[in-house]
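Trainee: Residue numbers (our numbering): 342 to 517. Below is the structure I would like to discuss, written out as structure tokens.
Next comes the structure, spelled out in structure tokens:
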């Protein structure tokens with residue numbers, strides 16, 4: 342017998358399985374050391390840049406396991422959903438949100454490529470200056486702090502099996 346029940350009780354949203362990881366990405370991007378010792382601007386743009394940085398590092402790790410490709414897609418979709426919600430919360434209207442989210446996705450895509458640069462490399466340094474500080478050279482100790490923390494976070498993420506990372510509700514602590 343045909344049942345309409347399946348239309349009114351859809352399967353769970355597979356993205357929700359990644360919600361704890363997404364929350365962990367946000368928490369890691371908001372750790373005070375990025376803004377205090379690292380000198381990342383504590384502004385709307387600065388926080389977006391930090392979320393993008395941590396998201397990129399997590400997505401790079403997920404990409405190491407091709408069998409987990411869907412998790413990377415779901416995490417990216419959570420990024421989009423969250424950015425959309427944040428923009429609406431601060432008062433952007435429907436006509437603007439789509440374009441802004443599109444720009445944010447483009448920014449994340451660019452950062453995904455730029456942040457593949459090796460730890461300590463001039464390319465990573467340039468990407469951080471360009472993205473976190475909008476091309477303005479930060480004080481050397483701030484840049485050194487962020488470069489070191491990126492390397493520590495990458496090392497900590499690489500020590501986790503991807504399946505464990507996907508199931509995580511917190512990222513490894515960094516922040517000297």
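For every residue, glycine included, the Cβ atom is placed at its ideal position computed from N, Cα and C. Because the structure is a prediction, the values reported are computed rather than measured.
1. Residue 486 to residue 387, Cα distance in whole Å?
2. Rounded to whole angstroms, how far is the Cβ of residue 359 from the Cβ of residue 419, which I believe are closer than 8 Å?
3. Do residue 395 and residue 424 have their beta-carbon atoms positioned less than 8 Å apart in this structure?
4. Compute the Euclidean distance between the alpha carbons of residue 300 and residue 362, then round it to the nearest angstrom.
5. Can we say the region 467–484 touches the region 377–384, given the rule of at least three CB pairs closer than 8 Å?
6. Kindly list the residues whose CB is nearer than 6 Å to the CB of residue 496, restricted to its own chain and excluding five residues on each side of it in sequence; keep chain order.
7. Could you give the distance in angstroms between the alpha-carbon of residue 391 and the alpha-carbon of residue 472?
8. First and last residue of the alpha helix (DSSP H) that includes residue 358?
9. Alpha carbon to alpha carbon, how far is residue 389 from residue 461? Give it in angstroms, no decimals.
10. Compare the Cα-Cα distances from residue 407 to each of 504, 513, 515 and 509 and report the closest residue.
11. State yes or no: is the C-beta of residue 469 within less than 8 Å of the C-beta of residue 484?
12. On a Cα-Cα basis, can you pick out the residue from 402, 369 and 374 that is closest to residue 500?
13. Would you call the CB atoms of residue 488 and residue 457 closer than 8 Å?
14. Do residue 511 and residue 365 come within 8 Å of each other at the CB atom, strictly closer than that value?
15. Mind checking whether residue 416 and residue 400 have CB atoms under 8 Å apart?
16. Between residue 506 and residue 498, which are expected to be in contact by the criterion C-beta below 8 Å, what is the C-beta distance as a whole number of angstroms?
17. Can you tell me whether DSSP reads residue 474 as helix, strand or coil?
18. Let me confirm a value: residue 413 is counted as buried when at least 16 other C-beta atoms fall within 10 Å, else exposed. Which label applies?
Mentor: Let's see:
1. Computed Cα separation, rounded: 16 Å.
2. That belief holds up - the Cβ atoms of residue 359 and residue 419 are roughly 6 Å apart, short of 8 Å.
3. Going by beta carbons, residue 424 and residue 395 fall outside the 8 Å limit.
4. Lying outside 342 to 517, the shown extent of the chain, residue 300 is not represented and no answer is given.
5. Taking 8 Å as the limit for Cβ pairs, the verdict is that the region 377–384 does touch the region 467–484.
6. Here the set comprises nothing.
7. Within the model, the alpha-carbon separation for residue 391 versus residue 472 is close to 9 Å.
8. Residue 358 -> no alpha helix (DSSP H), and no H or E assigned at all.
9. About 23 Å.
10. That would be 504, whose Cα lies nearest to the Cα of residue 407.
11. By the CB criterion at 8 Å, residue 469 and residue 484 fall inside the cutoff.
12. A check of alpha carbon separations from residue 500 across 402, 369 and 374 identifies 402 as the nearest.
13. By the CB criterion at 8 Å, residue 488 and residue 457 fall outside the cutoff.
14. Yes, they are a contact pair.
15. Result yes, Cβ atoms of residue 416 and residue 400 sit closer than 8 Å.
16. With a Cβ gap of about 7 Å, residue 506 and residue 498 count as contacting.
17. Secondary structure of residue 474 (DSSP, three-state): coil.
18. Taking all protein chains in view, the Cβ of residue 413 is crowded by 16 or more other Cβ atoms within 10 Å, so the residue is classified as buried.
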